[in-house]
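Engineer: Before I ask anything, here is the structure I am working with.
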Amino acid sequence: MPSGQMKERSAYYSAKHHLHGYKPEISVLRNGQAINGTNHYPGSEADIKIFRHNAEFHLQHLLKSNKDTELVDEGPLRDKYLEKWMVLADKGYRGLAEAFRAVTPFKKPRMGNLTIEQVNTND
1 MPSGQMKERS AYYSAKHHLH GYKPEISVLR NGQAINGTNH YPGSEADIKI FRHNAEFHLQ
61 HLLKSNKDTE LVDEGPLRDK YLEKWMVLAD KGYRGLAEAF RAVTPFKKPR MGNLTIEQVN
121 TND
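Going by the UniProt record's numbering, the first residue of the sequence shown is number 1, and it counts up by one from there.
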């Protein structure tokens, strides 16, 4: 646990994991190869905020090369982002599709359920 007063330590507390610590963002290709790791951020920092801090890297590496544009791309949001590859992210990145070609799982609505199609898409 970080030393110092409670107020100083609270920035490092991750409510998701119920622990104090740091968190980095690791960018991984589909084959599992890590291509980037950020500096660490306090555990309380939102995943999407870390991604946005690292936007320059993502924008550069999601850009399709001339050769890539010849490949078949039937993924979501392809019409909006013709020259970009897609990011698959977890629920911590909801809202990322406003600036990136990002796909996140459907989140169950409060007091509701996902449709069968949404459940199947999440799987």
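A virtual CB, placed ideally from N, CA and C, is assigned to each residue, including glycine.
In chain order, what residues of the same chain have a beta carbon less than 8 Å from the beta carbon of residue 15, not counting five sequence neighbours either side?
Structural biologist: Cβ neighbours of residue 15 beyond the five flanking positions: 44.
Engineer: Distance check for residue 19 and residue 54, CA to CA, integer angstroms please.
Structural biologist: Those two C-alpha atoms are separated by around 24 Å.
Engineer: Are the CB atoms of residue 22 and residue 40 within a distance shorter than 8 Å?
Structural biologist: Closer than 8 Å, so yes.
Engineer: Which ranges would you report for the beta strand (DSSP E) in the stretch 31-56 if only whole runs of at least 3 residues count?
Structural biologist: If we require 3 residues or more, the beta strand (DSSP E) runs fully inside the stretch 31-56 come out as 34-37.
Engineer: By alpha-carbon positions, which one of 116, 82, 25 ends up nearest to residue 65?
Structural biologist: Nearest of 116, 82, 25 to residue 65, Cα basis: 82.
Engineer: Is it the case that the Cβ atoms of residue 103 and residue 114 are separated by a distance below 8 Å?
Structural biologist: Going by C-beta atoms, residue 103 is not nearer than 8 Å to residue 114.
Engineer: If we call anything under 8 Å between Cβ atoms a contact, is residue 101 one with residue 71?
Structural biologist: Result no, Cβ atoms of residue 101 and residue 71 do not sit closer than 8 Å.
Engineer: Apart from the five residues on each side of it in sequence, which residues of its chain come closer than 8 Å, Cβ to Cβ, to residue 10?
Structural biologist: If we look at residue 10 and ignore the five residues flanking it on each side, its Cβ neighbours are 44.
Engineer: So, using beta-carbon positions, are residue 80 and residue 63 closer together than 8 Å?
Structural biologist: The answer is no: Cβ separation not under 8 Å.
Engineer: For residue 12, which three-state DSSP category applies?
Structural biologist: Residue 12: helix per DSSP, three-state reduction.
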